[in-house]
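Q:
Protein chains: 2
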Amino acid sequence: MSPIAITPKPPYYAVIFTSLRSDGDNGYGDMATRMVQLASEQPGFIGIESAREGVGITVSYWRDLESIKLWKANAEHLVAQKLGHEQWYTSFKTRIAKVERDYGI
Amino acid sequence: MSPIAITPKPPYYAVIFTSLRSDGDNGYGDMATRMVQLASEQPGFIGIESAREGVGITVSYWRDLESIKLWKANAEHLVAQKLGHEQWYTSFKTRIAKVERDYGI
């Protein structure tokens, strides 16, 4: 996948997930890889961008709110969310946003 | 500033800036620091999150579209945008998005 997501003409949706990790891996790395794979197979998935440097920022792009809702409710993703909440993150914020305009080179 | 931005109850706006850097610093580091400082002084600025790991992702949060428009037109910021376009980035994408919902721990 391109490190800068290839996205269609707006509108589309972004899920901005910002997090701080707890110490130790504890299965996080494998699960993160699996979740990117699984997300990319979901209906309405467009692309994903991710970087961690102290704080981690992952932005996934989706066709509409319904696609995001289905992804949030995915059974395997629910397990990951639970472990994230309990073990992997000391804090996080998820923001759901409608992309109205974009430009770039 | 907190690495995870402290943001108000939605709606508010996010500017998602994703980029790939060219080789060498060429004044980029100093300008990046200056732009965060300058942005934080603008009307309507709420907060900023940033990480680079291969790809760079910077998300700044703003009260409304008018604040984003003014920041984009800021004279010193225009100089930085020009240098970014010409020298610092091999590619970038800027997305302007309305945050509709958020949650976290």
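Quick mapping for you: the protein sequence lines, in order, are chains A and B.
33 is the number of the first residue of the first sequence in my numbering; add one for each residue after it.
33 is the number of the first residue of the second sequence in my numbering; add one for each residue after it.
Ideal Cβ positions, reconstructed from N, Cα and C, are used throughout, including at glycine.
These figures come from a predicted structure and were not determined experimentally.
1) Between which residues of its own chain and Asn-58 of chain B is the CB-CB distance below 6 Å, once the five residues before and five after are set aside?
2) Please report the distance separating the alpha-carbon of Ile-128 of chain A from that of Arg-95 of chain A.
3) Check whether the stretch 99 to 116 of chain A touches the stretch 61 to 78 of chain A, taking contact to mean three or more Cβ pairs, one atom from each stretch, closer than 8 Å.
4) Are there 16 or more other CB atoms within 10 angstroms of the CB of Lys-41 of chain B, so buried, or fewer, so exposed?
5) Asp-55 of chain B to Gly-86 of chain B, Cα distance in whole Å?
6) Do you know how far the Cα of Ala-83 of chain B is from the Cα of Leu-97 of chain B?
7) Bridge partners for Ile-48 of chain A per DSSP, in chain order?
8) Using DSSP's beta-bridge definition, name the partner residues of Ser-72 of chain A.
9) Against Asp-57 of chain A, what residues of chain B qualify as contacts under a CB-to-CB distance less than 7 Å, listed in chain order?
10) My output table needs one value for Arg-100 of chain B: the three-state DSSP class, helix, strand or coil.
11) Taking Cβ positions only, does Leu-52 of chain A come closer than 8 Å to chain C?
12) Going by DSSP, what residue range makes up the beta strand (DSSP E) through Ala-83 of chain B?
13) Where do the N-terminal and C-terminal ends of the alpha helix (DSSP H) with Lys-114 of chain A fall, by residue?
14) Less than 8 Å between CB atoms is the rule here; does Glu-118 of chain B satisfy it with respect to chain A?
15) Show which residues of chain B have a CB atom less than 9 Å away from the CB atom of Asp-62 of chain A.
16) Straight-line CA distance for Gln-74 of chain A to Lys-101 of chain A?
17) Just the Cα atoms here: how many angstroms apart are Val-91 of chain A and Val-131 of chain A?
18) Comparing the C-beta of Ile-128 of chain B with each C-beta of chain A, is any distance below 8 Å?
19) Below 7 Å on C-beta distance, what does Pro-35 of chain A contact in chain B?
20) Which residues, in chain order, does the stretch 66 to 87 of chain A contribute to contact with chain B at a C-beta distance below 7 Å?
A: The structure says:
1) Looking up residue 58 of chain B in the second sequence gives position 26. Taken in chain order, the residues that qualify are Gln-119.
2) The residue given as residue 128 of chain A occupies position 96 in the first sequence. The residue given as residue 95 of chain A occupies position 63 in the first sequence. Going from the Cα of Ile-128 of chain A to the Cα of Arg-95 of chain A covers about 12 Å.
3) yes
4) Taking the first residue of the second sequence as 1, we reach residue 41 of chain B at position 9. When all chains shown are included, Lys-41 of chain B counts as exposed.
5) Looking up residue 55 of chain B in the second sequence gives position 23. Looking up residue 86 of chain B in the second sequence gives position 54. Cα to Cα, Asp-55 of chain B sits roughly 12 Å from Gly-86 of chain B.
6) Position 65 of the second sequence holds residue 97 of chain B. Position 51 of the second sequence holds residue 83 of chain B. Cα-Cα distance, rounded: 24 Å.
7) By one-based count along the first sequence, residue 48 of chain A stands at place 16. Ile-48 of chain A is bridged to A:Val-91, A:Arg-127.
8) Numbered from 1 along the first sequence, position 40 holds the residue referred to as residue 72 of chain A. Ser-72 of chain A pairs with nothing; no bridge assigned.
9) In the first sequence, the residue the question calls residue 57 of chain A occupies position 25. Residues of chain B passing the Cβ test: none, with the nearest at roughly 16 Å.
10) One-based indexing of the second sequence puts residue 100 of chain B at position 68. For the record, residue 100 of chain B in the displayed sequence is Ile; it is not Arg. In the structure shown, Ile-100 of chain B sits in a helix (DSSP, three-state: H, G or I).
11) Among the protein chains of the structure shown, namely A and B, there is no chain C.
12) For the purposes of this step, residue 83 of chain B is taken as residue 51 along the second sequence, with counting starting at 1. Residues 77 to 85.
13) Looking up residue 114 of chain A in the first sequence gives position 82. Start and end: 107 to 115.
14) For this step, residue 118 of chain B is matched to residue 86 along the second sequence. With 8 Å as the cut-off, Glu-118 of chain B does not count as an interface residue toward chain A.
15) Within the first sequence, the letter at position 30 stands for residue 62 of chain A. Chain B residues near Asp-62 of chain A: none, gap ~18 Å exceeds 9 Å.
16) Position 42 of the first sequence holds residue 74 of chain A. Position 69 of the first sequence holds residue 101 of chain A. The straight-line gap from Cα to Cα measures roughly 11 Å.
17) As a working mapping, residue 91 of chain A is identified with position 59 in the first sequence. As a working mapping, residue 131 of chain A is identified with position 99 in the first sequence. Roughly 12 Å between the two C-alpha positions.
18) Sequence index remark: in the second sequence, residue 128 of chain B carries index 96 (1-based). At least one CB of chain A lies nearer than 8 Å to the CB of Ile-128 of chain B.
19) Working through the first sequence from its first residue, we reach residue 35 of chain A at position 3. Under the 7 Å cutoff, chain B gives Leu-52, Gly-86, Val-87.
20) Glu-81, Ala-83, Arg-84, Glu-85, Gly-86, Val-87
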